[in-house]
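Following: one structure in structure tokens, then a few remarks.
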Amino acid sequence: MAEGAALPIETLADPVTGRSLWVEARGRLLNNKAAVTSIVVLGLIAIACIFGPFFTGHPFDQVYPDYVKVPASLEAYPKADQITPQIERIGARVRGKPEDIQVKGDSVTVTLVGQRPIDERLLAYFDRSDMFGVAKVVDKADEGKRLVVDVPLKKKYFLFGTDTNGRDLLTRTMKAGQISLAIGLLATFVAILIGVVYGATSGYLGGRADLVMMRIVDVIYSLPFIFFVIMLVVFFGRNFILMFIAVGAVEWLDMARIVRGQTLSIKRQEYVQAAEALGVETKGIIRRHVIPNTLGPVVVYMTLLVPKVILLESFLSFLGLGVQEPNTSLGVLISEGAKNIQGATWMLLYPSLTLIAILFCLNFIGDGLRDALDPKDR
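Numbering (this note's numbering), first residue to last: 39 to 416.
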């Protein structure tokens, strides 16, 4: 085309479509394989924690007295070495000595021999056990002193074993993951929401306003955390929402200081000064220029704050101020597992692996978001 020639009308009319900073950040995040894999893994963990307890076959608060601290196993319980001792204990209650115990598939045939006629109503002890179903008398001899009884087995699976109260550890771990993730994510969201807005406002206003706002942070920071939580318990009682309020209302202080420091640097940038020269309102500058450019440090801090909140929740639960029985959390399960590590290592192993997987995913996601939201890479 010769110089000075007019461009076609169709070319001039075509709109020029640009990409927003958020679209570019999303593209960089999706190119980070470690971050994407961590998002998928963390999503699967969250789905398993939310819906998994409905498919394990065990309520999270169901107690099985006959299966206290049984090891993790892919095979169904009861095992062969558990059947005979349990039948002997039941035989002592029905006043009949068990003889000729035969395990046939999903049932057990046993002969009960007593010095007196055995009351068949006492066979209900079989059904009260976690291992057996309703017993049926197959044969009766010697005027009721000798009974041949067929007892069905109640097959149960404990893939993660059971705890000191005989509760299924897999279901308990999933329930604990629900509570720990909920407290960690929601309390972190509250802390970041308050801290980012407060810190950005303080840093941008500067001067006397900044001085007063930061002194308020120092005063709140000087209050003992436990004392603050105890006051909340006195006024509002022990409930699940209290954890969000107590942790989120304290952890925003660090976030406010971090965002304030970033804002003091950002407000001297040319694009902020240009917005001021154009007459943009203060809240508009904070919302459109200051806060978006602090997201890198905020995201990194968030990935560190979630595990910190989970540990704080565990500490409060240990003091009796947090999650109460029959509910549980990963911190509570790990604490119980540490007390029984010598005789029941699975009680510590599986909750710890779950927490480690969550923390690894959060760290990789944080690194990916930091790289995607870094203003220097835009």
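Yeah, the Cβ is synthetic: ideal placement off N, Cα and C, and Gly gets one too.
Alpha-carbon to alpha-carbon, residue 341 and residue 77: Roughly 13 Å separates the two Cα atoms.
Rounded straight-line distance, which links the Cα of residue 198 to that of residue 289: The straight-line gap from Cα to Cα measures roughly 34 Å.
C-beta atoms of residue 196 and residue 111 nearer than 8 Å: Yes.
Residue nearest to residue 102 in terms of C-alpha spacing, selected from 204, 145 and 84: Checking every option, the nearest Cα to that of residue 102 belongs to 204.
Cβ-Cβ distance between residue 185 and residue 178 below 8 Å: Cβ distance < 8 Å, so residue 185 and residue 178 count as in contact.
Residue 61 classed as buried or exposed, judged by whether at least 16 other C-beta atoms fall within 10 angstroms: Counting Cβ neighbours within 10 Å, residue 61 comes out exposed, since fewer than 16 surround it.
Residues that DSSP places opposite residue 147 in a beta bridge: According to DSSP, which records beta bridges pairwise, residue 147 is partnered with 140 and 188.
Secondary structure of residue 318, DSSP reduced to three states: Three-state DSSP puts residue 318 in coil, outside helix and strand.
Cβ-based burial, residue 286 [other Cβ within 10 Å; buried from 16]: If you draw a 10 Å sphere on the C-beta of residue 286, you find 16 or more other C-beta atoms in it, and that means buried.
Among 165, 297, 109 and 183, nearest to residue 124 - alpha-carbon criterion: When each option's Cα is compared against that of residue 124, the closest is 165.
Pairwise C-alpha distance: residue 323 and residue 355: Roughly 42 Å separates the two Cα atoms.
Which of helix, strand or coil DSSP assigns to residue 173: Correct three-state label for residue 173: coil.
Span of the alpha helix (DSSP H) around residue 110: Careful: residue 110 lies outside any alpha helix (DSSP H) and carries neither H nor E.
Helix, strand or coil at residue 256 according to DSSP, with G and I counted as helix: Correct three-state label for residue 256: helix.
For residue 383, three-class secondary structure by DSSP: Correct three-state label for residue 383: coil.
Residue 304 burial status per 10 Å Cβ neighbour count (16 or more: buried): So residue 304 counts as buried.
8 Å contact criterion, which residue 89 and residue 210 should meet: CB distance rounded: Contact between residue 89 and residue 210 does not hold, since their C-beta atoms are separated by about 16 Å, which reaches or exceeds 8 Å.
Per DSSP, cross-strand counterpart(s) of residue 157: DSSP, once it has assigned bridges, lists no residue as partnering residue 157.
Residues of its chain near residue 292, where Cβ-Cβ distance is below 6 Å and the 5 sequence neighbours each way are ignored: Excluding sequence neighbours, residue 292 sits near nothing in its chain.
Simplified DSSP assignment, three categories, for residue 206: Residue state for residue 206 is assigned as strand, using DSSP reduced to three classes.
Environment of residue 262 [buried if 16+ CB atoms lie within 10 Å]: Taking every protein chain shown into account, the CB of residue 262 has fewer than 16 other CB atoms within 10 angstroms, so this residue is exposed.
Three-way DSSP call (helix, strand, coil) for residue 346 in this model: Helix at residue 346.
DSSP beta-bridge partners of residue 238: Residue 238 is bridged by DSSP to nothing; it lacks a bridge partner.
Same chain only: Cβ atoms within 8 Å of residue 403, ignoring 5 sequence neighbours per side: Excluding sequence neighbours, residue 403 sits near 73, 76, 77, 80 and 341.
Cutoff 6 Å; reference residue 172; Cβ partners in own chain excluding five residues on either side: Sequence-distant partners of residue 172 (beyond 5 residues in either direction) whose C-beta falls short of 6 Å from its own C-beta, in its chain, are 165.
Contact under 8 Å by Cβ, residue 67 with residue 349: Against a cut-off of 8 Å, the Cβ pair of residue 349 and residue 67 comes out as no contact.
Buried versus exposed, by CB contacts within 10 Å (16 or more), residue 309: Its Cβ having fewer than 16 others within 10 Å, residue 309 is exposed.
Under the three-state DSSP convention, the category residue 194 falls into: It is a strand residue.
Classification of residue 132 by the beta-carbon crowding that lies within 10 angstroms, buried from 16 upward: Looking at its Cβ environment, which holds 16 or more other Cβ atoms inside 10 Å, residue 132 is buried.
Closest by C-alpha distance to residue 134, when choosing among 107, 87, 187 and 321: Comparing alpha carbon positions, the residue from 107, 87, 187 and 321 closest to residue 134 is 187.
Sufficient close CB pairs (3 or more, under 8 Å) joining the region 233-240 to the region 141-160: Segments in contact, no.
Residues of its chain near residue 118, where Cβ-Cβ distance is below 7 Å and the 5 sequence neighbours each way are ignored: Here the set comprises 141.
Assigned exposure category for residue 332 - 16 Cβ within 10 Å defines buried: Burial call: buried.
Proximity below 8 Å, CB of residue 100 to CB of residue 206: In this structure, residue 206 lies closer than 8 Å to residue 100 by Cβ.
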